[in-house]
Amino acid sequence: MPAITVSKTEFLQGIQKQMTDDEVDSVLFDFGLELDEILAEEETKYKIDIPANRYDLLCLKGLVNGVSAYLESKPQKEISIKENGEAVLGTPPAERPFIKMAILKNIDLSNGGYQDLIDFQDKLHQGLGQNRALMAIGTHNYDVTQRPYTYTAMEEEKVSFVPLNQTKEYTRPELDALYAHDPKLKDYTKHGRAEGTVPVLLDGAGRILSLPPLINSDFSKITPQTKNVLVEVTGTDLPRVDTAMYLILHHFSEAGTIIEEFLYAKAGERPPLTLTKQDIERDLLLSITEQTAAKYLTKMMHRVEVQKEGEAWEVCVHPTKLRPDVLHKCDLVEDVAIAHGYNNFEKLLSATYSCGEELPINAASSGIRRECAMVGYTEMFTMALLSKNDCTGFGISSHIQLKNSKSSECEVLRQVLAPSILKCIFSNQHHHLPIKVFEVSDVGVFDASDVGVRNDRRLCMAIAGAQSGLEDLQEAFDVVMKRIGVRVEYQEENTAPFLNGRACGVYANAKRVGSLGIVDPSVIRHHKIPHVCSLVEISLTTLLDKANE
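In this text, residue positions in the sequence shown follow full-length UniProt numbering: the first is 1, and each later residue adds one.
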């Protein structure tokens, strides 16, 4: 769920209300949002969680517009867009065929407006644009560009310009090298490319304005002082391109702003949706008049027409570009429920009853956690993702690797608990010896299913100190197994990550369920632990499956 951070003062001024923090929390919750955190910095700020489908609320101006309509504190904002009769020239590239351009004249980006626009673009890129694959937005200082504009495909070797926040010209191959390790831009270098060409937007002087969806030029960048902004939206999905452009124009136009739009291929109009009295009564068990239904839908930023014949009535809703999330009649029913207030519905018992119970593996895990704690071990909760380096020495030949890891610390899904436990011991060396810890959690295991990997519930217990503590560990482990009614046996074996001659397999009902031993010194040194460690790790999934046979 995306989140935005807004100034408390600006938010309350925008909705024209004076409220306490508790009242704001209540209003946002009723509206379908969540006040996640109140940040007390130089000024109080609200961190608000926004539903992933409400793209219109992902900036301060959009949030103010939506909440104001819900509270009926001020009229809904209307904008006037005029076409300037000028088309974007060129043949759009087939891999990214749609473009829409407009000019916002006389806007104010000071007092946080500039950062709000940049943040809103990023949020739209992530959600509506699916990380710029379907849609990307570029904003430019209109005053330094020349018309007409051309959108076309250009050979990569001919691309040469100064990209945003750089000081020298780069070719497209050089840009690929420049952004290859950039955590934000590296994933966008592949979009729109085909047979040695890339999409480019040029101004009337032949200068490159942007390389959609990768980067804009530096010479046309906007600043908080920019008054006239050229907005370009490109993509592979015309309705998303259309929606993104409208949201930018709507939210960042002010009184006195002139909006000029270039000719472009328009997305088809969405058909109207009809909500009847019977729909509301059936789905919400709510009996309301047509005027109330129209009022509720208007509060949720819909344009409505009421049609009545006798006792029957229906509300015709014309979906607006501000509400791209409205796709079906059920979305309108939900909006009626929100506007009515969930707390205002009569609370009824369910007409059907069912019995639920805890999964056996979870019930057993809870009992094992309790027993481990009772023998003096402290429970750890560790991350399921590790680096490949963390897994060194554990006999893992093939990793369950993330496709696009954001950090070298989170490259692979763990296949054993032991590396995570050793990391915990390393981080807790300041505690008195011996350090006794355990974890009951899931790991990933390769299998033959269509997914290729399944979850396996594991128990890992470890002890670290001046001596190996193997006898103490085995004794504690035996006590835990005895208390859950499992008899285990041990057979000598050599297996990673244990010291040769100081390890054994753990068996239950003649089935191998894990291993126990003294950790090899090389593994201990790799994890920078200055103590001797012993550990046992077993598969609770295998153990319980065998016990149930």
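Cβ coordinates follow ideal geometry from the N, Cα and C atoms, glycine included.
When the distance is taken between beta carbons, is residue j closer than 8 Å to residue i?
i, j, result
"D119", "E254", "no"
"E261", "I81", "yes"
"V480", "I338", "no"
"L459", "V440", "yes"
"residue 550", "P2", "This structure cannot speak to residue 550, because the chain is shown only from 1 to 549."
"T274", "E314", "yes"
"S420", "R414", "yes"
"P272", "H302", "no"
"V162", "D237", "no"
"G235", "M135", "yes"
"V200", "E156", "no"
"G256", "N141", "no"
"K347", "A312", "no"
"I361", "L540", "yes"
"H340", "L286", "yes"
"T412", "I425", "According to the sequence shown, residue 412 is Val rather than Thr. Result no, Cβ atoms of V412 and I425 do not sit closer than 8 Å."
"K61", "D116", "yes"
Under 7 Å Cβ to Cβ from residue i, same chain only, skipping five residues before and after it: list those, please.
i, result
"H526", "T392, G393"
"R132", "H125, Y188, H191, P213"
"G32", "P51, I338"
"G127", "P2, A52, Y55"
"D472", "I463"
"G90", "T150, Y151, T152"
"L284", "V333, V336, A337"
"K17", "L71, S73"
Could you compute how far the alpha carbon of residue i sits from the alpha carbon of residue j?
i, j, result
"R240", "L249", "14 Å"
"L164", "G469", "59 Å"
"residue 560", "F498", "Examination of residue 560 is not possible in this model, given that the chain is present from 1 through 549 alone."
"Y46", "G112", "15 Å"
"V451", "P97", "35 Å"
"R172", "Q130", "23 Å"
"H531", "K436", "12 Å"
"S427", "L433", "13 Å"
"N509", "L516", "17 Å"
"residue 560", "N65", "Summary: the structure shown does not reach residue 560, with the chain confined to residues 1 through 549, and so no result is reported for it."
"P92", "D325", "28 Å"
"E86", "P148", "8 Å"
"S160", "L58", "34 Å"
"L39", "I48", "11 Å"
"L386", "L402", "10 Å"
"E169", "I4", "35 Å"
"G268", "D21", "42 Å"
"T542", "L175", "51 Å"
"A194", "L211", "14 Å"
"M245", "E409", "38 Å"
"R270", "H251", "21 Å"
"V506", "Q474", "11 Å"
"V229", "N343", "44 Å"
"G63", "T139", "Here residue 63 is Leu; the residue named in the question, Gly, does not match the sequence. Their backbone Cα atoms lie some 21 Å apart in a straight line."
Spatial neighbours of residue i within its chain, please: C-beta separation below 6 Å, excluding the five flanking residues on both sides.
i, result
"E305", "C316"
"N84", "E260"
"Y70", "F31, K299"
"V445", "R454, D456"
"Q146", "D203, G204, A205"
"N500", "N494"
Would you identify the three-state DSSP class for residue i, choosing helix, strand or coil?
i, result
"M300", "coil"
"T44", "strand"
"R240", "helix"
"K100", "strand"
"D187", "helix"
"M1", "coil"
"L214", "coil"
"S441", "strand"
"Q491", "strand"
"N343", "helix"
"V513", "strand"
"A418", "helix"
"E305", "strand"
"S522", "helix"
"Y149", "coil"
"Y55", "helix"
"P173", "helix"
"N228", "coil"
Could you pull out every residue in the same chain whose Cβ sits closer than 8 Å to the Cβ of residue i, ignoring the five residues on either side in sequence?
i, result
"I484", "A364, G367, I368, E371"
"residue 560", "With the chain represented from 1 up to 549, any question about residue 560 goes unanswered, as that position is not in the structure."
At a Cβ threshold of 8 Å, is residue i touching chain C?
i, result
"Q126", "The question asks about chain C, but that chain is absent: this structure has only one protein chain."
| Where in the segment 308-393 do unbroken runs of the beta strand (DSSP E), each at least 3 residues long, occur, reported from the N-terminal end onward? | 312-318
| task | Quick one: which unbroken alpha helix (DSSP H) runs of 4-plus residues sit fully inside the segment 256-300? Chain order, please. | result | 277-284, 290-299
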